[in-house]
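A short write-up of the structure that comes next.
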Amino acid sequence: MEPQITELKEKHLVGMHTTMSLVQNKTFELWGKFRSRVHEIENRSSSDFISMQVYDPSYFANFKPTNTFVKWASVEVPDHENIPYGMDSFTLKSGPYAVFHYKGSSADTSIFQYIFTEWLPNSKYLLDDRPHFEVLGDKYKNNDPNSEEEIWIPIKEK
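Under the numbering used here, the first residue of the sequence shown is numbered 176, with each subsequent residue one higher.
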């Protein structure tokens with residue numbers, strides 16, 4: 176699977192976040208809480224949802240499943256005005272990304288194993304220290320083998 180190399184334009188996000196690890200995965204709780212309140216965001220730029228991970232710069236160099244990161248459940252907005260109480264804003268900075276168009280269950284992590292152990296080491300890119308995210312559009316169906324999503328991995332040239 177070859178990604179499309181794309182220059183991301185800055186995005187403004189609004190959502191909720193939590194600190195978690197792969198061992199103490201709080202994704203289900205985070206998304207349940209966010210989905211119950213997403214209707215409070217009046218100025219969405221699209222119907223897509225964005226699942227974002229913000230990693231510490233040493234997260235991958237010293238990888239352990241217990242390493243923590245910040246997970247976001249969010250949507251894109253044109254600006255950071257009128258943020259609902261209990262939600263936060265995030266500015267996703269512009270930069271190059273490898274975009275993988277993935278079809279399959281979100282419970283299957285083999286796509287990430289492929290990206291980080293096969294594609295990235297054999298590409299002309301290095302992982303960049305910017306957020307990773309998935310765009311969950313109309314064809315996304317949680318844990319469904321026919322689900323489709325975009326996986327955005329921040330890159331820079333070697």
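Where is the CB? At the ideal position from N, CA and C, for every residue including glycine.
State the CB to CB distance for the pair residue i and residue j, rounded to an integer number of angstroms; the pair is presumed to be in contact (CB under 8 Å).
i    : j    : result
L183 : Y272 : 5 Å
V189 : V250 : 6 Å
Y277 : E215 : About 29 Å; that fails the 8 Å criterion.
H192 : D263 : 6 Å
Y300 : K268 : Going by Cβ atoms, the distance from Y300 to K268 rounds to 17 Å, so no, they are not a contact pair.
Q228 : F203 : Between F203 and Q228 the Cβ distance is about 15 Å, and since that is not below 8 Å, they are no contact.
T241 : S196 : 5 Å
P320 : G279 : 6 Å
Could you pull the DSSP bridge partners for residue i from this structure?
i    : result
T292 : None; T292 has no bridge partner.
A273 : I180, I328
F308 : M227, W327
K278 : E323
Give the range of the beta strand (DSSP E) segment to which residue i is assigned.
i    : result
E185 : Where E185 is concerned, there is no enclosing beta strand (DSSP E), given that its DSSP letter is neither H nor E.
Y300 : 300-302
Which runs of the alpha helix (DSSP H) fall wholly inside the segment 190-271 and span at least 4 residues, in chain order?
If we require 4 residues or more, the alpha helix (DSSP H) runs fully inside the segment 190-271 come out as 202-210.
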